[in-house]
Structure formats: C-alpha cells, structure tokens
Amino acid sequence: IDEAHHFRNRGKRGDPETPDERSRYYRLYDLIGGSNGNKPVYFLTATPINNSLNDFKHMVELFTRQDDAFFSRTLGINSLSARLNTMTKDLKAKVGDDANVGEHVGEVQEMIGGDPLFRALVVQRSRSYAKDSQVLEKGDSAAFPERDVPQVAEYSIRKTYGNLLDLVDKAFEKDLPLFSLPIYYPLAYYTGPDSTIDPFEYERQRQVVGLIRTNFLKRFESSVFAFEQSCDRLMRKLIAFVTVNIETDREEKVLDRWLAQHEKLMAWTRTQQLSLWGEDLGANDEDVDEDIIPPEMLARYEKLDRSEYDVNAILAETYLDLDQIAALLEEAQKFKSSHDDKLKALTKLLKSKDLAGQKVLVFTEYADTARYLRKHLVDAGITGVFQLDSNTKGDRAETIRRFAPYYNGSSTAEVESNGKEEIRVLVATDVLSEGLNLQDATRLINYDIHWNPVRLMQRIGRVDRRLNPAIEERIVADHPSRAAGRGHVRFWNFLPPEDLDDLLKLYKKVSHKTLVISKALGIEHGKLLRPDDDFAILQEFNHSYEGEKTVIEQLHLEYQQLLKANPRLEERLAGFPNAIFSGRERTAEGSTGVFFCFRLPALDTELGEFTLEAGATRWYLLDLVDNKIEDDPADTAKAVRSGQDTPRVCVVPPGDLMEIRDR
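What follows is the structure, given as structure tokens:
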C-alpha cells in the first residue's frame, strides 16, 4: 500500500456488517485479518509520522489487531501504548511541548532509529542509501536530478496590505482577540443547571476557535483574496447564527439595521467571488443563493435554549465579530492587484531568465489563492497558465497529462493533436502534493509559508523524482530549449523577509505558540537562506531530504562492499552450516564478551508451523565485564568486525559458551 500514511487515523469504526459506515481504516482492518485470515501487507510511506507517534501506532494496530500486549513475547514490550507515550514525552522534552512531532524529522529519526520496536517493524531506506547501494550493485544508480539550494522569493507584506496589516495586528491585541466566535464556543456562555459539562468538549470548542483564528492568519499571508473570502464566509455564517437565535422584535430590528448598513459590502464580496470562481462558485461555496443567507445555511445552526445559555451575551459578541469583519472587508475594498507586492514578485520570477520557457509548478495551500493567481498571471501576459484545486471541474488526469505529458505516457504533439493546449505554468493546491509523476517540470515555487516541513518535502518530491533516460531524450529532442534545465531542479520559497518577524509575532498572538519553521525553509535564527549564507543550512536541508544513512543502512552497504570485493564470499556463506563459531582478540574499542547471531523461528501461517525461513535474524552481544546483553548493531559491529587476515582466537571454554548461549 503506497502513501500508507493515509491510514494514520482510525476514523469511524461502525459495524463490520455495514462496511459503508466504516472508515477506510477499518475497511482495511477487515481485509487484513479476521475471517479473511492473516494476509501479508506492506506499508510504503516516506512520512510514517506526520503529527505524533500515534500516527505510527495506528498503522501498527492494523497488524496487531489492536492487542496492546502483542509484542510482549517477541520484543519484551508489554504495552505498545505505554512505550510510545514514554517516547513522546522524551521527544517533547527534547524539542518542546508546543511542537508537533512531525515538524522534527531529524530528532524523531535519531530517537526511533535505535529503538527495538522500530528496528523490528520498520525498514528505513533513505535515498542516500538507495543510490550508494545501486552503485555497489551495478556500477551506477538511478538518475535523480540535481537539486539547487532553496531560493527565497522576497516580497513585502507591508507594501501589499498597508493599513489592513495594522487592522489585523490590532484585532489580535485585544483581550478577546479576533474573533471571539461564540457560535463555535457556546459552552463558554453556559448558565444552565448541568454541572457535568464534559471538560473535553469544552476544551475542544476552545481549540476550534484557536484553529479558526490561525487559519485566518495563514490565509492572510497566502493572498488578499483568500483572506477576503474567509471574512465573507464567516460573516454569512455569523448572520445565519443570529437569524436562527433572535426572538424579539427588537433583536430582529438590530439584525435588519446591520444588514442594511452593510448591504453594499456584501454585494461587493459576492462580485469578488464570481469574478474568480465563475461557474465553479457553487462547488466552492455551497452557500450560494439569491438570498443573503440561504435556507441550507440556516439549517446548520440550532436555536440555543435561553434557560441554559446567555444568548444575549452571545449575540452581543457576535455583532462585535461582525463589525470587525466589516472593518477588515471595507479596508480590503481599497486593495488593487497592482498593490500586491507578492503577486508582482511571482510575475517577475516567472518572466525571469531562470523560468522563462520552463515548466513551472506553483503550489499554494488555498483554492482561492490559486484562482486569484491564475487570473492575474494571465492578465500579466504569462502564457500556458492553468490552475488545479479540489473544485476544478474536468478530468484531473487530463490536466496532469497536459502539464507533464512525457512522464504520463504522452507528448506535446499528442496533447495538441487532441485539440488541447499544453500547460507550462500549473498553479495547484496540495491535491498534487503526492503520488504523481510531474518530472516534466524542473522548477517549483512554494507561494505560501510552509507551516509543516513534511508538506514541503512532498511538494518538492513531485519534480525531484527518478528520471527515465529514454523519456529525457524525447523531451530534449522535442524541446531543445529545455535541454539546459533537464536534470536540474530549482525551487523558490516565498517569504516576507522585512515583515517576517511581524508575521511570526502575529502567529504567536493567534495560537499562543511559537512557530517552528524548519531549517529546510532556509530560516535559521532569523537568517534567510541565500547562496552566500552558511553552507551548513544547505547541508541540513539535503540531510533532511536525502536522508542520513542509518547504522543498519551503513552495515548493509558494508556487506555489499564485502561481497563485491570477495566474489566467492556469498557462495561460501550459503554453504555454512546453521551452527558455527569462531573468535578474535578484543579490539581497543570493542567489548570483552560473546557475540551471537541467532536465526529465530516464527510461525509460517501457510504451513501452520514454526520455521526458520519465516523467522528473523537477531544479534546479541553479552559484555562479560558488566554482564549486560546488548542488541545494538552498531556496538556489535565494532566488536566483531574483522578482515580476512584477522587471527582466529578462541579462549572461552565450550561449557561457558553453552551456558552463555542458554542465558
């Protein structure tokens, strides 16, 4: 199963008798085991841990059948949950409580790389290992493009937003910052008799408000249009909530007055939407209707019981939120695309020598931003522009072929013969972030700040992929102008250098967390990555992307080198009996002890019996000084590594060896 991290969340369990009601996770759970019998399944993913170690736990539980003590006999782990909880605490102590585990790829790999649980269950193979292994095996490795240092595309938020930036900043400085959003947090206004309010639900509602605020800021950084649309959608939801919850004539008059005062503003926001979404508007916003607030939206909200909630206070706070949104939208009305310094920077970059004539993939997190960019890039004279998001109508596979025809079984000539225009600049949301071959492109632009470095890796992986020599020849033959760019990937991150501190401070106000931006973004202690900056930052990025070879990988490579240097060694090893022994003098850094390499039998589910072939190989080293058993491959390798001329020395009596073996 490729991209197996999609099974990191369990979802709805439902009833096995009604599979349509069960999540994809539990449908796979049914397929793997139970009445179907145990089936071998392999999970393949570059990102087994996105947010927490529970991501890994949930995938493992598909195989353990959620038996928490499954590894007690085989690995000595009596509780899988307890083991991962302890590891999580240790990791949090190392990287900080505020951080998602998935944001610290290096620390996670270092911690889990030597853990017996992960060593037993996970086969890690970095790209670095794969390339070196292929060279040893056949003299060369699969062709991967060279990847340049990440570049920063600079722009100014201040130039783009002007007074709007100050308004947003002030909104977050209030004691109850933008927005209080009582419609998502009604338990904060609960006055009823129930003293058993679920604290989990109370906290969940509070966190939802925090997430909404954070999302507003992210959309603000993405584009003014994305921010406008968020304001408009929230405004209409708040109006719907008020409409459902007003009771008196006075309350109705207050609502009517507010709507009358802002009638032109609401008409303007709908015109803005139509200008970019056109016929797709209904797909993006199910709230579209001739009415200001359609019946479908009104039906979403329940009328709060005034004997249990302080509805007057909720309505008062909601009007304050509405006034705040209106103020932001009125300032946004003054905005013109000619003010957008970020859009200008993108247009200039696409017309630059580096990108002119090249296939370019532009990533943004939001469909609103994608639509905004397509319209204004076309207006600026950029040719071959198309946008793709989750609401784009038409055949997505056809769009991908038009952008990357050669790596998707087609060509420029075939695309044109079908009456279609080849796409040169594809503006896309993360619907394209994994599982696709887009190697026709060699240039990539990240238009939004990457709040999760894992997503950055996935995006870059769309173009930095294994190359096919035959396809490369066809591309160059059909498009000689692209020859210089083939096999050479370049990418740009849009970051606002001058205003970055302001943005990060805003984020902290919104989420009450310090934003951890990976070094892979080119930011270290406030310093931006440019070609003349510290080369160590580039090394850090390459290590994160290529992967540093683990001890196990290094031992595999060493073994391959031994086989290559000694052509008959593999045949000799295959002829050895199952039980042999030898010895050597202790090395300066080695242990005084006994090393065992055991082939441990396991149950062959097809034969119904234990066999060596179904089992695993384990290394154990008993240090005779401290009487401790080690199973770390790195320490063991130091103790036993020998050359052909290393003298054979056996001084431990056979009886002692047998006693140690039994132990």
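In this note's numbering, the protein residues as written are 957 to 1619.
Think of the CB as a built atom: it goes at the ideal place given N, C-alpha and C, for glycine as much as any other residue.
In this structure, P1589 is the residue among P1589, T1227, A1323, D986 with its C-alpha nearest to the C-alpha of D1071. Taken atom to atom, the span from the alpha-carbon of L1047 to that of K1013 is near 16 angstroms. Counting only residues of its own chain and dropping the five nearest sequence neighbours on each side, A1360 has a CB closer than 6 angstroms to the CB of L1394, D1396. Counting of Cβ neighbours within 10 angstroms places G1549 among the buried residues, the total reaching 16 or more.
Its Cα nearest to that of Y982, the residue E1017 stands out among V1605, K995, E1017, E959. The region 1110-1130 and the region 1416-1434 do not touch, with fewer than three beta-carbon pairs separated by less than 8 angstroms. When rounded, the separation of the alpha-carbon atoms in W1575 and R1528 is 21 angstroms. Secondary structure at C1187: helix, using DSSP grouped into helix, strand and coil.
For Y1275, the enclosing alpha helix (DSSP H) has its first and last residue at 1267-1289. In the DSSP secondary-structure assignment, C1606 is not bridged to any residue. By the CB criterion at 8 angstroms, T1147 and D1266 fall inside the cutoff. Of all alpha-carbon atoms in T1003, H1444, L1211, the one lying nearest the alpha-carbon of A960 is that of T1003. Rounded to the nearest whole angstrom, the CA to CA distance from T1567 to R1555 is 10 angstroms.
Taken atom to atom, the span from the alpha-carbon of K1300 to that of I1005 is near 37 angstroms.
Shown here, T1573 sits in a strand according to DSSP, grouped into three states. For N1010, the enclosing alpha helix (DSSP H) starts and ends at 1009-1020. The beta carbons of V1445 and R1380 sit no closer together than 8 angstroms.
Within 10 angstroms of the beta-carbon of Y1515 lie fewer than 16 other beta-carbons, which makes it exposed. A1397 carries a coil assignment under DSSP once its states are collapsed to helix, strand and coil.
Listed as beta-bridge partners of V1383 by DSSP are V1318, Q1343. Linking S1294 to D1345 through their CA atoms gives a straight-line distance of about 25 angstroms. Under the 10 Å beta carbon count, I957 is surrounded by fewer than 16 other beta carbons and is classified as exposed. A direct Cα-Cα distance of roughly 8 angstroms separates T1044 from S1008. Nearest in C-alpha terms to I1401, of all of P1609, Q1107, T1368, R1175, is Q1107. Residue environment analysis places D1088 among the buried positions, since at least 16 neighbouring C-beta atoms fall within 10 angstroms of its C-beta. In the three-state scheme derived from DSSP, where H, G and I count as helix and E and B as strand, L1580 is classed as coil.
Scanning its chain for C-beta atoms nearer than 6 angstroms, with the 5 sequence neighbours on each side dropped, one finds around R1357 the residues N1364, S1366, in chain order. Distance from the Cα of T1339 is smallest, within the candidate group M1614, V1383, N1347, for V1383. In the three-state scheme derived from DSSP, where H, G and I count as helix and E and B as strand, P1557 is classed as strand. Its chain contains P1138, Y1145 as the residues whose beta carbon lies nearer than 8 angstroms to that of A1269, once the 5 sequence neighbours on both sides are disregarded; these appear in chain order. By the 16-neighbour rule on beta-carbons within 10 angstroms, K1298 is buried.
Distances from the alpha-carbon of A1196 to those of D1434, Y1275, K1307 put Y1275 closest.
When secondary structure is reduced to three states using DSSP, R1619 falls in the coil class, being assigned neither helix nor strand. Judged by their CB atoms, I1281 and C1187 are nearer to each other than the 8 angstroms cut-off.
Remark: three or more beta-carbon pairs, one from each stretch, lie closer than 8 angstroms, so the region 1173-1193 and the region 1323-1334 are flagged as touching. For the pair E1207 and L1271, the CB atoms are nearer than the 8 angstroms cut-off.
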